[in-house]
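Below you'll find the structure, written out as structure tokens, and then a few comments.
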Amino acid sequence: MRLNRFLAAAGVGSRRYCDKLVAAGRVTINGKICTDFSAQPGRRDYLKVDGKLLRVAPPLTIMLHKPAGFVSTRKDRHARDTVFDLLPKKFSKLFNIGRLDAQTEGLLLLTNDGELAQRLTHPRYKIDKEYEVTLDGPWDSALAQKLLRGIFLDGERATIVRLHSVSPTHLRVVLRQGINRQIRRMFEALGYRVKHLSRVRVGNLRLADLPRGHWRVLTKRELEGLHLPRRSAVVAAGADGGNQKQGSSPKAKVNVLGYS
25 MRLNRFLAAA GVGSRRYCDK LVAAGRVTIN GKICTDFSAQ PGRRDYLKVD GKLLRVAPPL
85 TIMLHKPAGF VSTRKDRHAR DTVFDLLPKK FSKLFNIGRL DAQTEGLLLL TNDGELAQRL
145 THPRYKIDKE YEVTLDGPWD SALAQKLLRG IFLDGERATI VRLHSVSPTH LRVVLRQGIN
205 RQIRRMFEAL GYRVKHLSRV RVGNLRLADL PRGHWRVLTK RELEGLHLPR RSAVVAAGAD
265 GGNQKQGSSP KAKVNVLGYS
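Heads up: take any position in the sequence shown, counting from 1, add 24, and you land on the numbering used here.
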């Protein structure tokens, strides 16, 4: 296993981030600094990052139904509740794949698999993220093209991939970018306030009926689905992202500990 993959499997971060650590001389193998990207450490080798010994844990990814009022970080300088307050301490070394702002609810993935995190967040993989949006007033469908063409936020063109109207004030929106508060800001630019926002799908993985504040471990089948090409997720979701049967493998177990 190449060095960056080894580090990613240990939960250090994405392979790109791990390459930066190697280049900076922050990684040692058996006590010697290693800047060789092609190095392939074995199970008997001792790796350290910034002097801390790494142990490769089995890959683990969990799905959390994040409630509003929790921030997507490990610690918050303002002492707000974090998503890790909803999880057992044994998950303290997981890291979240992307973020949801404090008032946004829905599907949040946490993992120790840096390679999976890279795939789900890097723009080149174009992974769909589907949201349910509730507006403060009836949606004017004539404005949809503005969202599809894009709205500049902080000098970057923010776009959505698909938009489906469920009711006058309730929409389903699919995007592939990860700009801070992107959906809220795009609708604000058109004169709307987002009253409620929930992420219901990432790739081919749906939140389904997982209760708010609860978590569960992803099944092998679900993990395999996340590694499939993006096309499979698009086909499964249908043209408006709302036709796939909600739910996951019947073997998936929901943990009953959590926010209620």
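We put the CB at the ideal spot given by N, CA and C, even for glycine. Owing to the predicted nature of the structure, the values given are computational and were not obtained by experimental measurement.
query: Which residue wins for smallest C-alpha separation from MET87, given the options ASP164, VAL107, THR183 and ALA126?; result: VAL107
query: Using DSSP with H/G/I as helix, E/B as strand and the rest coil, what is TYR41?; result: helix
query: Under the rule that 16 or more other beta-carbon atoms within 10 Å means buried, what is LEU195, buried or exposed?; result: buried
query: Given a cut-off of 9 Å, decide if ASP160 and THR135 are closer than it, judged by their beta-carbon atoms.; result: no
query: Can we say the stretch 175–186 touches the stretch 221–231, given the rule of at least three CB pairs closer than 8 Å?; result: no
query: Using a Cβ-Cβ cutoff of less than 7 Å, which residues in the same chain neighbour SER284 once the five nearest sequence positions on both sides are dropped?; result: Only weak support exists for where SER284 lies, its pLDDT of 29 falling under 50; the value from the coordinates is given anyway. Counting only Cβ-Cβ distances below 7 Å, and skipping sequence neighbours, we find GLY237.
query: Here's the rule: buried if 16 or more other CB atoms are within 10 angstroms of the residue's CB, otherwise exposed. What is TYR70?; result: exposed
query: Note down the Cα distance separating ALA81 from PHE61, rounded to an integer number of angstroms.; result: 22 Å
query: Assuming contact is defined by CB atoms lying nearer than 9 Å, are LEU118 and LEU171 in contact in what I supplied?; result: no
query: Return the residue from the list ARG26, TYR41 and THR243 that minimises the CA-CA distance to ALA286.; result: The first residue shown for the chain is 25 and the last is 284, placing residue 286 beyond what the model contains.
query: Applying the 10 Å Cβ sphere with the 16-neighbour rule, what's the burial state of LEU77?; result: exposed
query: Let me check understanding here. Comparing Cα to Cα, which of PHE94, LEU199, VAL73 and GLY75 lies closest to ARG147?; result: The question names Arg, yet the displayed sequence has Pro at residue 147. The shortest Cα separation from PRO147 among PHE94, LEU199, VAL73 and GLY75 belongs to LEU199.
query: State the start and end residues of the unbroken alpha helix (DSSP H) segment that holds LEU187.; result: That residue, LEU187, is in no alpha helix (DSSP H); its beta strand (DSSP E) goes 186–191.
query: Runs of 4 residues minimum, wholly inside the stretch 58–131: which ones carry the alpha helix (DSSP H) assignment?; result: none
query: Only counting the same chain, and skipping five residues up and downstream in sequence, which positions put a Cβ closer than 6 Å to that of ALA32?; result: ARG39, CYS42, GLY138 and GLU139
query: Could you give the distance in angstroms between the alpha-carbon of SER222 and the alpha-carbon of ALA63?; result: 43 Å
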